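Colleague: If you're matching positions, the sequence shown starts at 1 in UniProt numbering and goes up one per residue.
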Amino acid sequence: MDAKDMGADLEKILVTEDQISARLAEVAAEIDADYAGRDLLLVGVLKGAVMVMADLARALHHPCSMDWMAVSSYGAGTTSSGVVRILKDLETDIKDCNVLIVEDVIDSGLTLSWLVGNLRSRGPASVEICTMVRKPLALDVDLNVRYVGFDLPNEFIVGYGLDYAEKYRNLPFIGTLAEHVYQR
Ligand SMILES: O=P(O)(O)OC[C@H]1O[C@H](OP(=O)(O)OP(=O)(O)O)[C@H](O)[C@@H]1O
Ligand SMILES: Nc1nc2[nH]cnc2c(=O)[nH]1
1 MDAKDMGADL EKILVTEDQI SARLAEVAAE IDADYAGRDL LLVGVLKGAV MVMADLARAL
61 HHPCSMDWMA VSSYGAGTTS SGVVRILKDL ETDIKDCNVL IVEDVIDSGL TLSWLVGNLR
121 SRGPASVEIC TMVRKPLALD VDLNVRYVGF DLPNEFIVGY GLDYAEKYRN LPFIGTLAEH
181 VYQR
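1) In whole angstroms, give me the CA-to-CA distance for Glu91 and Ala70.
2) Taking Cβ positions, are Asp9 and Leu152 nearer each other than 7 Å?
3) Between the C-alpha atoms of Tyr147 and His180, what's the straight-line distance to the nearest angstrom?
4) Cβ of Cys130 within 7 Å of Cβ of Leu100?
5) Can you pull the DSSP bridge partners for Tyr164?
6) Taking buried to mean at least 16 other C-beta atoms within 10 Å of its own C-beta, is Leu106 buried or exposed?
7) Please classify Gly123: does DSSP put it in a helix, a strand, or coil?
8) Report yes if the C-beta of Leu46 is less than 6 Å from at least one heavy atom of ligand 2; otherwise report no.
9) Please report the straight-line C-alpha distance between Asp18 and Val27, rounded to a whole angstrom.
10) On the CB-based measure, 16 or more other CB atoms within 10 Å of its CB, does Tyr182 come out buried or exposed?
11) As a quick exercise: from Val15, Thr111, Leu56, pick the residue whose alpha carbon is nearest that of Leu143.
12) Counting C-beta neighbours from all protein chains within 10 Å, is the total for Ala33 16 or more, i.e. buried, or is it exposed?
13) What's the gap between the Cα of Ala76 and the Cα of Gly37?
14) Whole angstroms is fine: what's the gap from Lys12's alpha carbon to Ala165's?
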């Protein structure tokens with residue numbers, strides 16, 4: 001799916017496919033260096049992190065394991081409820097593991113604040129966060145995000161894993177939707 005397939009739904013592209021892959025290569029190089037000589041478990045947060053997890057894992061030279069969690073903090077709309085539920089838990093016992101949470105977006109920061117606390121309570125050696133996008137509100141919460149792809153303005157974004165009403169996840173870029181899409 002690309003911009004022309006979206007017809008009138010797209011308002012603008014904020015991050016292109018080329019920008020995403022160039023930035024992921026930089027982030028992967030940092031992770032390779034930081035975790036040299038240590039085990040690494042990537043924990044992708046479903047569903048939005050599928051794209052970044054797949055591309056990041058392939059850009060890494062460091063051997064790593066992968067596992068997935070699904071949590072729910074958003075309803076059908078575009079704002080975080082702050083109440084987080086585990087929909088799918090890890091299959092891995094993370095005691096003494098170096099865990100790197102991989103996310104598509106940190107917006108209010110509520111989901112990740114909760115998730116970091118939850119994973120820390122399981123006795124890992126370390127827990128760090130890698131997100132493709134961080135929004136300004138996340139800077140107000142007490143969340144140390146070690147790897148950030150892009151700091152973007154406070155707009156609702158879609159593409160590269162990010163959905164609106166389960167659509168647009170398969171766009172290879174990150175963009176915003178035209179106003180009329182929200183009024184359907
Ligand atoms: O910083 P916050 O305001 O808490 O928002 C971030 C969360 O929202 C998105 O997930 P979403 O609930 O949309 O689920 P999805 O990944 O399945 O689309 C994203 O993947 C984070 O988990
Ligand atoms: N699709 C999408 N999901 C989000 N979850 C938190 N912020 C966002 C956003 O901007 N877009």
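The C-beta atom is built at its ideal place from N, Cα and C for all residues, glycine as well.
It should be emphasised that the depicted structure is a prediction, and the values quoted were computed from it without experimental measurement.
Modeller: Reading it off the structure:
1) Residue numbering aside, residue 91 sits at position 91 when the sequence shown is read from its first letter. Residue numbering aside, residue 70 sits at position 70 when the sequence shown is read from its first letter. Rounded to the nearest angstrom, the two C-alpha atoms are 12 Å apart.
2) In the sequence shown, residue 9 corresponds to position 9, counting from 1. In the sequence shown, residue 152 corresponds to position 152, counting from 1. Their beta carbons are not under 7 Å apart, which means Asp9 does not touch Leu152 by this criterion.
3) As a first step, residue 147 must be located in the sequence shown, where it is residue number 147. As a first step, residue 180 must be located in the sequence shown, where it is residue number 180. So the two alpha carbons sit approximately 34 Å from each other.
4) The residue you call residue 130 lines up with position 130 of the sequence shown. The residue you call residue 100 lines up with position 100 of the sequence shown. Yes, they are a contact pair.
5) What you label residue 164 is simply residue 164 of the sequence shown in a count that begins at 1. Paired residues: Lys167.
6) The residue given as residue 106 occupies position 106 in the sequence shown. One detail in the question is off: residue 106 reads as Ile in this sequence, not Leu. Flag for Ile106 reads buried.
7) For the purposes of this step, residue 123 is taken as residue 123 along the sequence shown, with counting starting at 1. Coil at Gly123, not helix or strand.
8) Mapped onto the sequence shown, residue 46 falls at position 46. No.
9) In the sequence shown, the residue the question calls residue 18 occupies position 18. In the sequence shown, the residue the question calls residue 27 occupies position 27. Whole-angstrom Cα-Cα distance: 14 Å.
10) On the sequence shown, position 182 is the one that residue 182 refers to. Exposed, by the Cβ-count rule.
11) Your numbering for residue 143 matches position 143 in the sequence shown. The candidate whose alpha carbon is nearest that of Leu143 is Thr111.
12) On the sequence shown, position 33 is the one that residue 33 refers to. With fewer than 16 Cβ atoms within 10 Å of its Cβ, Ala33 is classed as exposed.
13) In the sequence shown, the residue the question calls residue 76 occupies position 76. In the sequence shown, the residue the question calls residue 37 occupies position 37. Note that Ala76 scores 48 on pLDDT, short of 50, meaning its location in the model is unreliable; the coordinates nonetheless yield the value given after this. The straight-line gap from Cα to Cα measures roughly 43 Å.
14) To locate residue 12, count along the sequence shown from 1; it is residue 12. To locate residue 165, count along the sequence shown from 1; it is residue 165. Lys12 and Ala165: Cα-Cα distance of roughly 18 Å.
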